[in-house]
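Engineer: Following this note's numbering from start to finish, the sequence shown increments by one per residue and tops out at 266. All C-beta atoms, glycine included, are put in the ideal place defined by N, C-alpha and C.
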Amino acid sequence: MAPDDVKNESNRSHVRSLARGLDTLKALGTVTDGATLSDIAAIVDLDRATTRRFLLTLCDLGYVRQSKKRFYMAPKVLELGYAYFSTMSKWDAIQPILNEFCDQTLGTISIGVQDSDEVIYVARAQSHRSVYAINVTVGSRFPIYSSSIGRIILSGRSDEDLRHYLSTLDLIKRTPHTVTDIDDFMAGIATIREQGYSISDQETELGVRSIAIPIHGPNGTVIAGLNSSVATTFATVEDLISKFLPLLHEAVQQIQPAMQIDK
4 MAPDDVKNES
14 NRSHVRSLAR
24 GLDTLKALGT
34 VTDGATLSDI
44 AAIVDLDRAT
54 TRRFLLTLCD
64 LGYVRQSKKR
74 FYMAPKVLEL
84 GYAYFSTMSK
94 WDAIQPILNE
104 FCDQTLGTIS
114 IGVQDSDEVI
124 YVARAQSHRS
134 VYAINVTVGS
144 RFPIYSSSIG
154 RIILSGRSDE
164 DLRHYLSTLD
174 LIKRTPHTVT
184 DIDDFMAGIA
194 TIREQGYSIS
204 DQETELGVRS
214 IAIPIHGPNG
224 TVIAGLNSSV
234 ATTFATVEDL
244 ISKFLPLLHE
254 AVQQIQPAMQ
264 IDK
């Protein structure tokens, strides 16, 4: 096929409205507290009527939500991120890093991403000498609000967006320790942002506590979480902070470059 023919075929295959719709969605990713119709129209350089149609279509599909006059990305967008992570070719390079952590701690280490209202584990390692009692594997799911990875991911969202999101969840007390009051939850998120790590102390399963730190994407947003879980008989919360947290930071420094999107 001649070069001009290839170019013409490419032009015929290009769906302009789809490209503009994706540009509209990406524009919302550049703002932290939502945006008005006029804001988005200016970013994507489209008229208000066209931008409104794209935004309302994205709302119908669940990728965008509207609150009063502002539009926000919805959690469903993260399903696209999980689809990417689950097909990454770099897990072979990451796995030895996870294995080394387990050798040093006798604990477990996992990478999790948000998938709808849950955290799904996309990579994991567990020492053969681990005292962790629960059967958890790649593909295991946990409620986003009670898990340490879930909370570290949620801490990257604005207060307004997070409060709205929490109001849509069925916050069930999985254990007597699970935080389900939204005000208490938001106070905990503020602490997580300040200290840079999240702890879930028997909030998902009795007898298990975990600590998580964020994995950031190229633009600085939280794209995943890295955590270690142990039996409560094996380590205290203080042990997680003093012994496990520094090793998690060492691991994430090696993992994060491999988690970036391929050029």
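Need the endpoints of the alpha helix (DSSP H) that H219 sits in, please.
Structural biologist: Per DSSP, H219 belongs to no alpha helix (DSSP H); it is in the beta strand (DSSP E), V211 to H219.
Engineer: State buried or exposed for G110, treating a residue as buried only when at least 16 other CB atoms are found within 10 Å of its CB.
Structural biologist: buried
Engineer: Just verifying my parser: in three-state terms, what is the DSSP assignment at Q2?
Structural biologist: Past the boundaries of the shown model lies residue 2; the chain is included only from 4 to 266, so the question cannot be answered.
Engineer: Between the region 96-103 and the region 140-151, are three or more C-beta pairs nearer than 8 Å?
Structural biologist: No: the two stretches stay apart, fewer than three of their Cβ pairs being nearer than 8 Å.
Engineer: Looking at E121 and G153, is the spacing between their C-beta atoms short of 9 Å?
Structural biologist: yes
Engineer: Assuming the contact rule is C-beta atoms closer than 8 Å, H180 and E206 should be a hit. Round their C-beta distance to whole Å, please.
Structural biologist: 5 Å
Engineer: Given R68, which residues of its chain have a CB within under 6 Å of its CB, disregarding the five upstream and five downstream residues?
Structural biologist: Y75 and A77
Engineer: What is the DSSP secondary structure of R144, counted as helix, strand or coil?
Structural biologist: strand
Engineer: Kindly indicate which three-state DSSP category G228 falls into: helix, strand or coil?
Structural biologist: It is a strand residue.
Engineer: Out of H252, L28, I214 and T53, point me to the one whose CA is closest to S149's CA.
Structural biologist: I214
Engineer: Curious, which full-length alpha helix (DSSP H) runs of at least 4 residues does the region 105-185 contain?
Structural biologist: 151-157 and 162-170
Engineer: Take the Cβ of N222 as the centre, count every other Cβ of all protein chains shown within 10 Å, and call the residue buried at 16 or more, exposed below.
Structural biologist: exposed
Engineer: Should A38 go down as buried or exposed, given a rule of 16 or more other Cβ atoms within 10 Å for buried?
Structural biologist: buried
Engineer: Count the other CB atoms, across all protein chains shown, that sit within 10 Å of the CB of R127; report buried if there are 16 or more and exposed otherwise.
Structural biologist: buried
Engineer: Can you tell me which of D48, T224 and L174 puts its alpha carbon nearest to the alpha carbon of A22?
Structural biologist: D48
Engineer: If you drop the 5 nearest sequence neighbours on each side, which residues of the same chain put their C-beta closer than 6 Å to that of A5?
Structural biologist: Residue placement at A5 is poorly supported in this model, since its pLDDT is 49, which falls under 50; the coordinates are not used for a value here.
Engineer: Quick one: give me the first and last residue of the beta strand (DSSP E) that F74 is part of.
Structural biologist: That run of the beta strand (DSSP E) goes R73 to M76.
Engineer: Counting only the same chain and skipping the five closest in sequence on each side, list residues whose C-beta sits under 8 Å from that of V34.
Structural biologist: Close CB contacts of V34 within its chain, under the 8 Å cut and outside five residues either way in sequence, are with D42 (chain order).
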